[in-house]
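Just so you know, the sequence shown maps onto residues 35 to 332 in my numbering.
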Amino acid sequence: MYLQKPGMRNIKTGIGVMLCALVGYLNILDKTLFAAIACIVCMQTTVKGSLIVGINRLKGTFIGGVIGFLFVLIRPGDPILSCLAVITTIYVCNILKINKSITIACVVCCSILLGVDSTNPVYYSIHRIVDTSIGVIIGVGVNYFIYRPNYLESIYNEIKVIENTSIKLLKREIEKGNNVDISLLKDEITKLEELYKNFLDELEYSNDEIDNESINKTIAKCKQIYLHLQVLEHMKDKCYLNKENYIKSKDLYDELDEKVEIKDNISPVYNYHIRMIIESINEIQDAYSGIENIEARA
Numbered sequence: 035m036y037l038q039k040p041g042m043r044n045i046k047t048g049i050g051v052m053l054c055a056l057v058g059y060l061n062i063l064d065k066t067l068f069a070a071i072a073c074i075v076c077m078q079t080t081v082k083g084s085l086i087v088g089i090n091r092l093k094g095t096f097i098g099g100v101i102g103f104l105f106v107l108i109r110p111g112d113p114i115l116s117c118l119a120v121i122t123t124i125y126v127c128n129i130l131k132i133n134k135s136i137t138i139a140c141v142v143c144c145s146i147l148l149g150v151d152s153t154n155p156v157y158y159s160i161h162r163i164v165d166t167s168i169g170v171i172i173g174v175g176v177n178y179f180i181y182r183p184n185y186l187e188s189i190y191n192e193i194k195v196i197e198n199t200s201i202k203l204l205k206r207e208i209e210k211g212n213n214v215d216i217s218l219l220k221d222e223i224t225k226l227e228e229l230y231k232n233f234l235d236e237l238e239y240s241n242d243e244i245d246n247e248s249i250n251k252t253i254a255k256c257k258q259i260y261l262h263l264q265v266l267e268h269m270k271d272k273c274y275l276n277k278e279n280y281i282k283s284k285d286l287y288d289e290l291d292e293k294v295e296i297k298d299n300i301s302p303v304y305n306y307h308i309r310m311i312i313e314s315i316n317e318i319q320d321a322y323s324g325i326e327n328i329e330a331r332a
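Here it is as structure tokens:
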């Protein structure tokens with residue numbers, strides 16, 4: 035059985051929890067568990083993602099802490115007050131337009147209102163906020179300082195995969211061989227777009243000045259190739275490659291099937307899409323070199 039290696043997000047989450055536990059040993063935390071939970075939740079794919087989740091959690095913790103504290107002063111654990119406290123918490127979060135903080139706000143509110151027992155409610159509320167804040171800081175810090183992913187290199191590699199896949203699909207089309215599922219190309223493009231999104235997020239917290247216009251244009255070319263292949267996939271009539279496209283395709287391949295039929299002025303629409311795919315592949319190859327230079331400077 036093949037066992038996959040643990041990813042860096044996995045490892046960084048473990049490191050974050052370890053640091054929370056160490057801080058707990060120093061008696062800085064009241065409840066290490068709350069800090070560890072906040073750290074785990076904040077460990078996202080990108081630093082920006084960690085910050086967004088962390089800030090939402092802090093907002094929710096503060097609102098839930100304040101509302102829980104106000105209601106617990108009346109009567110801890112009261113069923114009716116618990117209902118009203120949760121309704122108030124959700125209402126306040128909606129008013130402040132922080133819907134992503136609603137869940138944690140309600141959890142904190144209930145933990146104070148239903149779990150305070152004989153503990154001083156002021157003490158309990160403050161420490162829930164402090165514990166969560168420290169967990170968020172640790173989570174974001176670990177994500178920022180420990181092995182930040184090289185998304186530019188990943189983009190570089192993914193573009194190469196898409197280029198090779200496109201060349202393979204085009205060859206099958208020209209030679210009229212067994213059709214390759216073009217959804218594979220779509221999946222790779224989706225992966226590339228996700229990598230690019232993460233790259234832009236990370237770029238906000240980097241001192242590097244990178245012109246990402248060439249990456250954006252390359253992604254657009256990848257999408258164009260997929261769209262042209264879609265059209266070719268739905269063409270039912272027998273089509274022939276013209277001489278111009280045959281010569282251009284020869285530059286992409288060491289050899290083509292000798293049975294490829296070449297006829298000019300027979301299949302203009304077919305040859306238009308073939309030409310556009312070839313040109314897009316060539317442009318991707320040129321952009322690939324440009325992105326490689328960007329990576330070398332980064």
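Glycine included, every Cβ here is placed at the ideal spot set by N, Cα and C.
{"query": "With 16 other Cβ atoms within 10 Å as the buried cut-off, status of residue 255", "result": "buried"}
{"query": "Expected contact under 8 Å - CB spacing of residue 91 and residue 75 to nearest Å", "result": "6 Å"}
{"query": "Bridge-paired residues (DSSP) for residue 62", "result": "The partner list for residue 62 (beta bridge, DSSP) is empty, contrary to what the question assumes."}
{"query": "Contact under 8 Å by Cβ, residue 306 with residue 294", "result": "no"}
{"query": "Reduced DSSP category for residue 296 - H, G, I as helix; E, B as strand; rest coil", "result": "strand"}
{"query": "Contact check, residue 181 vs residue 229, beta carbons under 8 Å", "result": "no"}
{"query": "Check: residue 69 C-beta below 7 Å from any heavy atom of the ligand NAD", "result": "The model depicted lacks the ligand NAD and carries no ligand whatsoever."}
{"query": "Closest residue to residue 302 among 290, 87, 277 (Cα-Cα distance)", "result": "277"}
{"query": "Coil, strand or helix - residue 275 by DSSP", "result": "strand"}
{"query": "Spatial distance of residue 261 from residue 217 (CA atoms)", "result": "11 Å"}
{"query": "Straight-line gap, residue 291 to residue 233 (C-alpha atoms, nearest Å)", "result": "41 Å"}
{"query": "Exposed unless 16 or more other CB atoms sit within 10 angstroms - verdict on residue 215", "result": "exposed"}
{"query": "Residue 209, DSSP secondary structure in three states", "result": "coil"}
{"query": "For residue 167 and residue 175, the rounded distance between their alpha carbons", "result": "12 Å"}
{"query": "Residue 57 versus residue 319: straight-line alpha-carbon distance, rounded", "result": "51 Å"}
{"query": "Per-residue DSSP class, three states only, for residue 41", "result": "coil"}
{"query": "C-alpha gap between residue 37 and residue 220, whole angstroms", "result": "27 Å"}
{"query": "Cβ-based burial, residue 40 [other Cβ within 10 Å; buried from 16]", "result": "exposed"}
{"query": "Segment limits, alpha helix (DSSP H) that includes residue 102", "result": "81-106"}
{"query": "Rounded distance between the beta-carbons of residue 205 and residue 287, thought under 8 Å", "result": "6 Å"}
{"query": "C-alpha distance - residue 227 paired with residue 145, whole-angstrom precision", "result": "40 Å"}
{"query": "Environment of residue 68 [buried if 16+ CB atoms lie within 10 Å]", "result": "buried"}
{"query": "Contact belief for residue 142 with residue 94 at Cβ below 8 Å, rounded distance in angstroms", "result": "7 Å"}
{"query": "Environment of residue 109 [buried if 16+ CB atoms lie within 10 Å]", "result": "exposed"}
{"query": "Sequence-distant residues of the same chain with beta carbon closer than 6 Å to residue 207, five excluded per side", "result": "266"}
{"query": "Proximity below 8 Å, CB of residue 314 to CB of residue 264", "result": "no"}
{"query": "Cβ-based burial, residue 269 [other Cβ within 10 Å; buried from 16]", "result": "exposed"}
{"query": "Selected residue, minimal CA-CA separation from residue 300, among 271, 83, 250", "result": "271"}
{"query": "Where residue 177 sits in the DSSP three-state scheme", "result": "helix"}
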